[in-house]
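These notes concern the structure reproduced below.
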Amino acid sequence: MHVTITPTGASLGHASAQLLGNNIEAYENTVPALLSDRLRNSKFAGPENPQTGIADAWEPIGNTMSGLNCRLLPGMYLSGREAQVVHYYKQDGQAGIMQANLHLADGEEFEIELWARAQHRPVQVSVELRLPGQTAPDASKAEMLVDLAHWHRRTCRIRSPGTSHAASLFIQIPGDSRIIIDQIHLRPVGEGHVSPAVAAALEGIPCPVLRFPGGCATCTYHWEHGVGPVHLRPVCDDPVFKYKMQYDFGTDEYLELCVARNIRPFITLNTTTATPEQAAAWAAYVRAWYQQRKLPIPAAYIMFGNENYGTWEIGHMTGAMYAAQLRDFVPLVRAAYPEARMLAIGEFESGGMRSDLITPWRSAVIEQAAGLFDLLVVTRYAGGPDNLPLPDTMARVVNNLADKQADLQRQADSIRDAKLNCHMGIVEWNYWTRASHNDHAGFFEPNDIRHCLYAAGYLNAFCRLGEILEVANFYSLFNTMGMVHVHDGQVVRSDLVRVFQLYADALPGEVLALEVAAPALTSKGKAVDANFIRRGHQLFGFLVNFSSTDSAAVELNGLGSISDAQGLTARAILEPVTALQPIIAGNRVTLPPMSLVRIICRA
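Residues in the sequence shown are numbered from -19 upward in steps of one, following our numbering.
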């Protein structure tokens, strides 16, 4: 196909670098992945196994429990939930608990941290790391004396017995002993509380804004649990996703990450199971955190609630109820953090349990709470199944993008029509094809060209809104539908990272209005999308060919000659994405089917 791209001479405004923002959600498989700890359920959160009396992820050593009695005791805790009782009442021998399926690498040295207390008399605790079917070598064994009746910390060091994804940690006590354990951690020696893999994962990834603690989880997130000494932080029930809410990666760790990576903080407040006073206290804590370190106080984003217009949210309400909530929350939070930017939910309608209970949301917020917020923000997902024929798959991507472009324009128009002195934002976006909260794969979304092309098309749409779209956050950075997967200290990046990297050099920049003459792929959208951004003395072009069958010969009119071109392509979805060096000649470039190409032009 032949495509021509011509600038109209007009400017669409300046697109922000914050269009490359991201999310960390305090989801079940996210917080543990951010930590150095190799153990699951290291704080023994219940309920206990009714047959063994042991917390989930742990089990008794051996094939019987003769002489061994275990219980999870609520209230008998240090960190705020339950404590694991291990009582071996035989006179001789050893017994205890274990955790299997640990990932170890040969040569690794670990520190075991044990918070426990002895009852009746001191207890000598034996620890071992074993490979399947093998005994532990001497270097993989150690002992710790738990000799106090109050909670105290003991540590020891042991070496990995080899490389395995199925190693086991054994915790044993001698006969006639009783020990109460609050928590056990297994961390590589030299690693801090937060895994170095997290910092490594962020190396080279554009992330100017990072939202925390994410989306739906915020409805029950109590920030007070996530500050202070880590060993005192509780593991709580999560009534949203029916998992556990873990606070070992909390506000301090998040802000340290923001400072280390020059990230603008973005806090989502709990406005469902918290009070305005709690929200203001969190804002004050964040501001004071920067002050205490003599750091400049950032204009942090602070969002009130999440998707409270949706019936799936435990804090579901009407738009009028949300406006009343803003009137209660915003003044206190703004007084606590005057430099912050206040974000209000800007969805158009609030859902109902019946169709006749659907009520206006955005109009109610604008009419009843104007002046309380700096941005109106929404969540925007799209998706399609994996099993469509390839042309239909790409047609769905194009139609979704056309709908999203119209939706973005509708949002912008509503702000302008109401003459509001505010901007807009997208706080979560992604292309949803497979992920599910109960998919037993960690809420996994596949890595393929369809996601890359959707992301490029949506970023192009973001840019065309200019200054009115202030921030957009991909969902999410780590693990849950993430562009980066971190497990057991190992990092795997998706190709979406490469898409963001292509755009990073061009933002912030001035977006040019274009005329794109390209064949239609569907009744809603063209086969090729284009976006040109001027930054300094460089002109960046982002070209997306959505056709699954046809190459696109693209001719630029009045945009100069092409000095560089690179991109991504693949032959099919669910197949590896490969780097692309397209053919260029003067002001012409050829895009293969299903490809994203960034070009740099010179006058």
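For each residue, glycine too, the CB sits at the ideal point set by N, CA and C.
Note that the structure is a prediction, hence the values are computed from the model and not measured.
- Considering only 221, 189 and 210, the residue with the shortest C-alpha distance to residue 244 is 189.
- Residue 479 places its beta carbon 8 angstroms or farther from that of residue 464.
- In this chain, the alpha helix (DSSP H) harbouring residue 258 covers 256 to 272.
- DSSP, read as helix, strand or coil, puts residue 461 in coil.
- Ranked by Cα distance from residue 514, the options 540, 506, 232 and 154 are led by 540.
- Per DSSP, reduced to three states, the secondary structure at residue 301 is helical.
- The segment 118 to 127 makes no contact with the segment 63 to 73, as fewer than three CB pairs between them are under 8 angstroms.
- In the three-state scheme derived from DSSP, where H, G and I count as helix and E and B as strand, residue 236 is classed as helix.
- A residue is called buried once 16 or more other Cβ atoms fall within 10 Å of its Cβ, and residue 166 is buried on that count.
- When DSSP reads this structure, residue 544 sits in a beta bridge with 580.
- Secondary structure within the segment 475 to 542: the beta strand (DSSP E) runs of 3 or more consecutive residues, fully enclosed, are 489 to 497, 508 to 515, 518 to 525 and 532 to 536 (chain order).
- Three or more Cβ pairs closer than 8 angstroms define a contact, and the segment 400 to 418 meets that threshold against the segment 354 to 366.
- A distance below 8 angstroms between beta-carbons, with the five flanking residues on each side excluded, links residue 298 to the following residues of its chain, in chain order: 330, 339, 341 and 344.
- By the Cβ criterion, the segment 385 to 402 is not in contact with the segment 543 to 551, since fewer than three pairs of Cβ atoms, one from each stretch, lie closer than 8 angstroms.
- Bounds of any beta strand (DSSP E) do not take in residue 287, whose DSSP letter is neither H nor E.
- With 16 or more other Cβ atoms from the protein chains shown falling within 10 Å of its own Cβ, residue 376 counts as buried.
- The segment 555 to 562 makes contact with the segment 572 to 583: 3 or more CB pairs, one atom from each, lie closer than 8 angstroms.
- In the DSSP assignment, residue 187 is bridged to no other residue.
- When 306, 50 and 141 are compared, the shortest CA-CA separation from residue 90 is found for 141.
- Contact between the segment 49 to 59 and the segment -16 to -4 is absent: fewer than three C-beta pairs spanning the two stretches fall below 8 angstroms.
- Contact between residue 2 and residue 453 holds: CB atoms are separated by about 6 angstroms, below the 8 angstroms threshold.
- The three-state secondary structure of residue 122, taken from DSSP, is strand.
- Note that the C-beta distance between residue 19 and residue 79 is below 8 angstroms.
- Within the same chain, Cβ atoms closer than 6 angstroms to the Cβ of residue 380 are found at 362, the five residues on either side in sequence being excluded.
- About 44 angstroms separates the beta carbon of residue -5 from that of residue 21, a gap too long to meet the 8 angstroms contact definition.
- One Cα belongs to residue 16, the other to residue 30, and the distance between them is close to 30 angstroms.
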